[in-house]
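Protein chains in written order, with the working numbering: chain A, 46 to 385; chain B, 46 to 385.
Ideal Cβ placement from N, Cα and C applies to all residues, glycine included.
Worksheet: the structure to be examined is printed underneath.
Protein chains: 2
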Amino acid sequence: MTRRLTKSAKDSNPTELNNIFLPVSRQLQSVEELLKTWSGESSPVLKKMAKEVISNQGKLIRPGVLLLIARHLGYRGNNDITVAAAIEAIHVASLIHDDIIDGSDIRRGNKTASKSFGADFSLLLGDFFFIRSIHNIMSLKDRNLSEMITQVAQQMVEGEIEELAQSYNFSLSQAQYMKIIEKKTASLFLTSCRLACRLGKASRKEQAALEKYGLNLGLVFQIIDDLIDLVGSPLETGKSGFSDLKEGRITLPVILALKQTGPEAASQLESLLRKTKKGSEKENFSILLNILKKTGALDLTVLQAENLAAKAREAVMVLKPSPYRESLLDLVDFVIFRKG
Amino acid sequence: MTRRLTKSAKDSNPTELNNIFLPVSRQLQSVEELLKTWSGESSPVLKKMAKEVISNQGKLIRPGVLLLIARHLGYRGNNDITVAAAIEAIHVASLIHDDIIDGSDIRRGNKTASKSFGADFSLLLGDFFFIRSIHNIMSLKDRNLSEMITQVAQQMVEGEIEELAQSYNFSLSQAQYMKIIEKKTASLFLTSCRLACRLGKASRKEQAALEKYGLNLGLVFQIIDDLIDLVGSPLETGKSGFSDLKEGRITLPVILALKQTGPEAASQLESLLRKTKKGSEKENFSILLNILKKTGALDLTVLQAENLAAKAREAVMVLKPSPYRESLLDLVDFVIFRKG
């Protein structure tokens, strides 16, 4: 397990992701271009902001998953580009609003929209991406697709609200944590798979396998994200460290540490966690990190992520072999071994 | 014109609005109940917040317009309730996000969502209402209705962004101001009319008349809203006064005052407006208000609103007589003579 924590950074560089998405690289480029067109239609200020956000954005993992699956299932039309762009727009909208809530200045080495344009503009920019996403998928005239997109957007917002409501709740159970990350993160991976199944007319068996894949990949993604917030260096991840702790967000390593340790150590941990609210005392964080390491909570977290990753791999193996299936398998490794 | 400014408050009390909406009072109640059901389905925190916001909300003017028109056109189904609720949910979403941007604590005598739950929760609550609105109208399985709702939500956000971008722009023209308020406010009135036309299968002539009505009513609504921010008392309006000036929002009275006055007085006005950013020096506001009065800008603003109101009335007169048409006419008076 310590393998994961010591794995060298080069194993998760963007080149690897480019390789994974090679079978759909042309389509992924179209997704990015399409997203830029959407923002180009609007008022000059909006256009400028939207372009910057799209350029600074992430790795297009969710659109990549959707495109790989659609192609694996034999889909050869162009609607997957629009649907993948809608998925990414929902993701971007949610990131923009998250960064306002967290007061984050940096994401993946770039300034957040909130830092670049101020909270007011970026609030509206997030609204724009939410609505634009739904509006565009409607143009495909398939009510099922539109419903999936609005439903997942709703779930994500509900998950975020639930998470915010549980801040500083030290008795948050693992089951509650899993439910929250399922809603706020895994649901969009799951929906990407479902949308692809609809486009590619998946059989029932394929659909069940791919839903299992999406859900578990999404859960792993968030668990590792939460772990990186504790152990990843800001340089590698582009994230300022310990942002979850600073916001009182109770993530899996903390839940497991509180469970592993005796009542006295638990109350020390809680009191440390409460203190992180106030300032950025570096010492507190290293004491905290030490407790998490000592209780084995970090290793246990990796173990849980690896169990879920195994489920995702197992699900994909039900599909017939194809280069797309290989990429879906590689993506599980990328998500679990990534450093940022 | 001073008539408007001195008209007694009792002329615009809620009883009057209840009378106007009497022909659709049963339906309006169903709209409110439906909105409460929507929020009741979600997580406990969300449910609590959404209920409070729905209870504290406004006068259901947009749903009222939609219902009056649908009934006037002979529509007798139940879908108008769902569509009216969707319109109100978009309005509520936009208010919640506006109040975060403006930092407003009070709206119509009640605490804003942002004041009650904090900016973080209310940001997500606004997202919820935007998405829920679109999700619910989709259940009616008429793509035209869903498209109109997403399109207007997009226009409103674009209008808000444009307005924010023009803060402290003292050379904002009246045409630019009108374009902004058309997008951010009048578009939802216009869309309420269009949705009703679709439900009630309006003739081309009826549709053209009702679109003219909705657009002009919406413009009047916003102009009077901006005027109330300057001359209305916070007690009557439930709004803290001068909030537009504090945010550097250049509204019609200011545009007209800058146009009426010589370069010297204009630069005095601009310097006063710039100062309002910093603190809440009461003296500045009364000097400002005096300039607005002296230049005739307030009276001119009322005149412009009355011209647009006349267009709205003229448009409605194209329809065949009915109690619904009477209410639409009365509503124009309510909107222009209201104090809050």
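In the three-state reduction of the DSSP assignment, Ile-151 (chain B) falls in the strand class. Note that the C-beta distance between Leu-73 (chain A) and Leu-105 (chain A) is below 8 Å. Chain A places a beta carbon closer than 8 Å to that of Gln-196 (chain B), counting this residue as a contact. Against chain B, a Cβ distance below 7 Å from Ala-210 (chain A) picks out Val-90. Not flagged as an interface residue toward chain A: Met-223 (chain B), since no C-beta distance is shorter than 8 Å. The three-state secondary structure of Lys-156 (chain B), taken from DSSP, is strand. Annotation for Leu-79 (chain A): Ile-126, Thr-127, Ala-130 place their beta carbon closer than 8 Å to its own, counting only its chain and skipping 5 residues before and after.
Neighbours of Ser-191 (chain B) in chain A, taken as residues whose beta carbon is under 8 Å from its own, are Met-183, Ser-191 in chain order. For the pair of segments examined, the stretch 329-339 of chain A was found not to touch the stretch 226-241 of chain A: the number of CB pairs separated by less than 8 Å stays below three. A distance below 7 Å between beta-carbons, with the five flanking residues on each side excluded, links Ile-182 (chain A) to the following residues of its chain, in chain order: Thr-127, Val-128, Ala-131, Leu-190, Ser-191, Ile-194. Secondary structure in the stretch 196-279 of chain A: the alpha helix (DSSP H) runs of 4 residues or longer, each lying completely within the stretch, are 219-226, 232-244, 249-276 in chain order.
Closer than 7 Å at the C-beta level to chain B, one finds these residues of the stretch 147-173 of chain A: Asp-165, Phe-166, Leu-168, Leu-169, Asp-172, Phe-173.
For Lys-304 (chain A), no CB of chain B lies under 8 Å from its own CB, so it is not counted at the interface with that chain.
The count of Cβ pairs closer than 8 Å, one atom from the stretch 288-301 of chain A and one from the stretch 217-227 of chain A, reaches three, so the stretches are in contact. If you draw a straight line from the Cα of Ser-88 (chain B) to the Cα of Leu-169 (chain B), it is about 13 Å long. Taking a contact to require three or more Cβ pairs closer than 8 Å, the stretch 306-324 of chain B and the stretch 267-275 of chain B do not qualify as touching.
Exclusion of the five residues before and after Leu-244 (chain A) leaves Ala-115, Tyr-120, Asn-124, Asp-125, Val-128 as the residues of its chain whose Cβ lies within less than 7 Å of its Cβ.
The way I'd put it, the stretch 240-260 of chain B does touch the stretch 350-370 of chain B; three or more beta-carbon pairs between them come closer than 8 Å. Contacts between Phe-175 (chain B) and chain A, judged by CB atoms closer than 8 Å, involve Asp-172, Phe-175, Ile-176 in chain order. Excluding residues up to 5 positions away in sequence, Arg-107, Leu-233 lie with their Cβ nearer than 7 Å to the Cβ of His-136 (chain B) in the same chain.
Remark: C-beta atoms of Glu-208 (chain A) and Arg-294 (chain A) approach each other more closely than 8 Å.
Ranked by Cα distance from Tyr-213 (chain A), the options A:Pro-368, A:Leu-317, A:Arg-71 are led by A:Leu-317.
Proximity to Val-197 (chain A) across A:Phe-162, A:Ala-138, A:Lys-250 peaks at A:Ala-138, based on C-alpha coordinates. For Arg-116 (chain A), the enclosing alpha helix (DSSP H) begins and ends at 106-117. For Gln-267 (chain B), the closest Cβ of chain A is not nearer than 8 Å. The DSSP-derived three-state label of Tyr-369 (chain A) is helix. Lys-384 (chain A): not part of any alpha helix (DSSP H); DSSP gives it neither H nor E.
In this structure, DSSP gives Ser-75 (chain B) a helical state, which the three-state scheme calls helix. Assigned with DSSP and collapsed to three states, Arg-294 (chain B) falls in coil, not helix or strand. Separation of the CB atoms of Ser-178 (chain B) and Ile-141 (chain B) is rounded to 12 Å, and the pair is thereby denied contact status at 8 Å.
In chain order, Phe-173, Ile-176, Arg-177, His-180 make up the part of chain A whose C-beta sits under 8 Å from the C-beta of Gln-199 (chain B).
Taking the Cα positions, Ser-367 (chain B) is about 16 Å away from Val-377 (chain B). Distances from the alpha-carbon of Gly-154 (chain A) to those of A:Asp-344, A:Gly-171, A:Ser-100, A:Asp-165 put A:Ser-100 closest. Leaving aside the five residues that flank Lys-81 (chain A) on each side, the residues in its chain whose CB is nearer than 7 Å to its CB run, in chain order, Lys-96, Ile-99.
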